[in-house]
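Here is the structure we will look at, set down as structure tokens.
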Amino acid sequence: MQIRELGDEDIEAVKDIWNKIIDDGLAFPQLNVLSSEEAKRFFTSQTYTGVAEDNGEIVGMYILHPNNVGRCGHIANASYGVRSDMRGKHIGEKLVKDCLHMAKEKGFRILQFNAVVDSNIHARHLYKRLGFKEVGVIKDGFLLKNGTYDDIHVMYHDLKDC
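Under my numbering, the residue at position 130 of the sequence shown is numbered 189, and the numbers go up by one with no gaps.
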């Protein structure tokens, strides 16, 4: 498996991974799935979009972009997705590690997650194992698809430690 930069030929596969996560309603804050045109604009407008390719198939992806502007523009934010049939194979870990490297390469100093959903236990454990620190918990910060609320964790990684 290799992790590389998104190409035009990857847009549909990345869109499908992204939209499945949105449709599941358990991790990403967006409510609406992306059309092909919206996906191309969205993924190509990021500071960096990485894809995990295995045997010619896109099995995961991530986006990297500023978390804020101006005096806080040195803080990055990222989102990760792994194709549902490929979960549990450590693809997410490889994506996060690549993202940490890429964030530092792009000049960011910190990678911050604003909303790691409490029930996303595997992601929370992975981030902690990779050196992310938890800032705090926002009670009922995430509206689940079923209409109930879940807590969110704010986490960050100082990139000088990478």
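Each residue gets a CB set at the ideal place from its N, CA and C atoms; glycine is no exception.
| Check | Outcome |
| --- | --- |
| Cβ-based neighbour list, V141, same chain, cut-off 6 Å, excluding 5 preceding and 5 following | G119, I150, G151 |
| Closest residue to K153 among E112, K99, H216 (Cα-Cα distance) | E112 |
| Contact under 8 Å by Cβ, L185 with L218 | no |
| L189 to K165 span [Cα, whole Å] | 20 Å |
| Three or more C-beta pairs below 8 Å linking the segment 207-215 and the segment 89-99 | no |
| Residue burial classification, N127 (beta-carbon count within 10 angstroms, cutoff 16) | exposed |
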